[in-house]
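**Student:** Chains E and A are the protein sequences, given in the same order.
Residues 1 to 182 (this note's numbering) are what the first sequence spells out, left to right.
Residues 183 to 249 (this note's numbering) are what the second sequence spells out, left to right.
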Amino acid sequence: MSAPATRPVRLPRTFLSDASPVFDDARAYDAEARHDDNPDEYLLALAPVVALIDEARAARDGSVTIHVDQAGAEIIAREAGYRAEEASDQAAEAWDASERMPFFSAMNSHRATAKRARRAAAELAAIPVEAEWCYFCSHDLDLPGSDHTHCADDTGEAPSAADIERASAARLANFNAFLAAQ
Amino acid sequence: MSNHQHPRPVVASVGIGRRYNATNTITGEAFTGLTYKQLVRVIKAAVLAARSTGIAVDEFGRIVGAA
Chain E
1 MSAPATRPVR
11 LPRTFLSDAS
21 PVFDDARAYD
31 AEARHDDNPD
41 EYLLALAPVV
51 ALIDEARAAR
61 DGSVTIHVDQ
71 AGAEIIAREA
81 GYRAEEASDQ
91 AAEAWDASER
101 MPFFSAMNSH
111 RATAKRARRA
121 AAELAAIPVE
131 AEWCYFCSHD
141 LDLPGSDHTH
151 CADDTGEAPS
161 AADIERASAA
171 RLANFNAFLA
181 AQ
Chain A
183 MSNHQHPRPV
193 VASVGIGRRY
203 NATNTITGEA
213 FTGLTYKQLV
223 RVIKAAVLAA
233 RSTGIAVDEF
243 GRIVGAA
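In structure tokens, the structure reads:
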């Protein structure tokens, strides 16, 4: 059997929590070793994760490169999309809160939160993987029977590849405008 | 990859989807298509072998120097 085609994906440090399958595997195996009362393997179960984190810490930009096949790349792209959106929303909410509560301590706290969230969103948005999900509903475009007519905005039409590209570019432009306005 | 120094693992691994390729960084022995459980077993064996030859390895499978 030939080896699956893989490509390198550079992940920022903020991504190194649970997006990679290695984290799921490590958690599952660690739990299994504990269940089996196999103390020799408690910590070794985390060794591959620790190696990734060490590499990210040592990198100048706090990132780490992992090699994934197409399925792995899609998992990461989807997760990055969700997280970037969440971080962006969190930044916007925190900034709004700072405007509503202009007491210095609360304002500074919310603005610090907004700053952290913006940085995380910018890092995640920069992950160089190809997205193959609908930018309107975030579901896979090629799932059997998937219908994205409900995802379209004002037109009621299913998004074409060009629509998706435009939506992606618009979202990025909005996000960049938001960053520039801060 | 970074050129910065970081702790060297006894076994360097690369995740390919849910399978792992691994290399013993001391002996150069390579493994492909491992499950996570098999990867941990490979790490465990490599740690024991390294320690038996006087190489100090921490609890996370990182080389921390000669014993």
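The beta-carbon is built from N, C-alpha and C at its ideal position, and this holds for glycine as well.
So what's residue 242 (chain A) in DSSP terms, helix, strand or just coil?
**Tutor:** Numbered from 1 along the second sequence, position 60 holds the residue referred to as residue 242 (chain A). If DSSP states are grouped into helix, strand and coil, residue 242 (chain A) belongs with coil.
**Student:** Of the choices E:36, E:110, E:12, E:105, whose alpha-carbon is the least far from that of residue 56 (chain E)?
**Tutor:** Taking the first sequence and counting its residues from 1, the one referred to as residue 56 (chain E) is at position 56. Out of E:36, E:110, E:12, E:105, E:12 has the C-alpha closest to the C-alpha of residue 56 (chain E).
**Student:** Kindly indicate if chain E contains any beta-carbon less than 7 Å away from that of residue 246 (chain A).
**Tutor:** For this step, residue 246 (chain A) is matched to residue 64 along the second sequence. It does not: the Cβ of residue 246 (chain A) has no partner Cβ on chain E nearer than 7 Å.
**Student:** Quick check: is the beta carbon of residue 213 (chain A) nearer than 7 Å to any beta carbon in chain E?
**Tutor:** As a working mapping, residue 213 (chain A) is identified with position 31 in the second sequence. Not an interface residue.
**Student:** Excluding the 5 residues flanking residue 207 (chain A) on each side, which residues of the same chain have their C-beta closer than 8 Å to its C-beta?
**Tutor:** Within the second sequence, the letter at position 25 stands for residue 207 (chain A). Closer than 8 Å at Cβ, skipping near neighbours: 190, 191, 192, 193, 194, 245.
**Student:** DSSP three-state label for residue 142 (chain E), please.
**Tutor:** Within the first sequence, residue 142 (chain E) is the residue found at index 142, counting from 1. Its pLDDT being 49, under 50, residue 142 (chain E) is placed unreliably by the model, and nothing is read from it.
**Student:** What does the Cβ neighbour count give for residue 25 (chain E), buried or exposed, with the cut at 16 atoms within 10 Å?
**Tutor:** On the first sequence, residue 25 (chain E) is found 25 positions in, with the first residue counted as 1. Buried, because 16 or more other Cβ atoms sit within 10 Å of the Cβ of residue 25 (chain E).
**Student:** Who does residue 228 (chain A) pair with in a DSSP beta bridge?
**Tutor:** Here residue 228 (chain A) refers to the residue found at position 46 when the second sequence is read from its first residue. DSSP output for residue 228 (chain A) lists no bridge partner at all.
**Student:** With DSSP as the reference, please indicate the residues paired to residue 190 (chain A) in a beta bridge.
**Tutor:** The sequence position of residue 190 (chain A) within the second sequence is 8, counting from 1. DSSP output for residue 190 (chain A) lists A:245 as bridge partner(s).
**Student:** Interface residues of chain A around residue 11 (chain E) at Cβ under 8 Å?
**Tutor:** The sequence position of residue 11 (chain E) within the first sequence is 11, counting from 1. By Cβ distance, chain A contributes nothing, its closest Cβ being about 12 Å from residue 11 (chain E), past 8 Å.
**Student:** Could you check the C-alpha separation between residue 118 (chain E) and residue 99 (chain E) for me, to the nearest Å?
**Tutor:** Here residue 118 (chain E) refers to the residue found at position 118 when the first sequence is read from its first residue. Here residue 99 (chain E) refers to the residue found at position 99 when the first sequence is read from its first residue. Computed Cα separation, rounded: 17 Å.
**Student:** What is the DSSP secondary structure of residue 202 (chain A), counted as helix, strand or coil?
**Tutor:** Residue mapping note: residue 202 (chain A) aligns to position 20 of the second sequence, counting from 1. The answer is strand: DSSP assigns residue 202 (chain A) an E or B state.
**Student:** Kindly identify the DSSP beta-bridge partner or partners of residue 67 (chain E).
**Tutor:** Looking up residue 67 (chain E) in the first sequence gives position 67. DSSP, once it has assigned bridges, lists E:8 as partnering residue 67 (chain E).
**Student:** Do you know whose CA, among A:217, A:234, A:232, A:237, lies nearest residue 136 (chain A)'s CA?
**Tutor:** Outside the modelled stretch of chain A, which goes from 183 to 249, sits residue 136 (chain A), for which no answer is possible.
**Student:** Which two residues bound the contiguous beta strand (DSSP E) that contains residue 45 (chain E)?
**Tutor:** Locating residue 45 (chain E) in the first sequence gives position 45, where the first residue counts as 1. First-last for residue 45 (chain E): undefined, no H or E at that position.
**Student:** Of the residues E:31, E:48, E:32, which one's Cα is nearest the Cα of residue 221 (chain A)?
**Tutor:** Your numbering for residue 221 (chain A) matches position 39 in the second sequence. Comparing Cα-Cα distances from residue 221 (chain A) to each of E:31, E:48, E:32, the minimum goes to E:48.
**Student:** Give me, in chain order, the residues of the same chain whose beta-carbon lies closer than 6 Å to that of residue 203 (chain A); leave out the 5 immediate sequence neighbours on both sides.
**Tutor:** Position 21 of the second sequence, counted from the first residue, corresponds to residue 203 (chain A). So the qualifying residues of the chain are 196, 214.
**Student:** Just how far apart, CA to CA, sit residue 233 (chain A) and residue 209 (chain A)?
**Tutor:** As a first step, residue 233 (chain A) is located in the second sequence; it is residue number 51 there, counting from the start. As a first step, residue 209 (chain A) is located in the second sequence; it is residue number 27 there, counting from the start. Roughly 13 Å between the two C-alpha positions.
**Student:** For a contact meaning CB atoms closer than 9 Å, what does residue 67 (chain E) contact in chain A?
**Tutor:** For the purposes of this step, residue 67 (chain E) is taken as residue 67 along the first sequence, with counting starting at 1. The answer, in chain order, is 196, 197, 198, 203.
**Student:** Run the CB neighbour count on residue 29 (chain E), radius 10 Å, all protein chains shown included, and call it buried at 16 or more, exposed below.
**Tutor:** The residue labelled residue 29 (chain E) in the question sits at position 29 within the first sequence. It is buried - the Cβ of residue 29 (chain E) has at least 16 other Cβ atoms within 10 Å.
**Student:** Output needed for residue 63 (chain E): all residues of its chain with C-beta closer than 7 Å, excluding positions within five of it in sequence on either side, in chain order.
**Tutor:** Against the first sequence, residue 63 (chain E) aligns to sequence position 63. The residues are 10, 11, 12, 13, 56.
**Student:** So what's residue 214 (chain A) in DSSP terms, helix, strand or just coil?
**Tutor:** Numbered from its first residue, the second sequence carries residue 214 (chain A) at position 32. Note: residue 214 (chain A) maps to strand in three-state DSSP.
**Student:** Where DSSP assigns a beta bridge to residue 236 (chain A), which residues make up the other side?
**Tutor:** In the second sequence, counting from the first residue as 1, residue 236 (chain A) sits at position 54. For residue 236 (chain A), which the question treats as bridged, DSSP gives no partner whatsoever.
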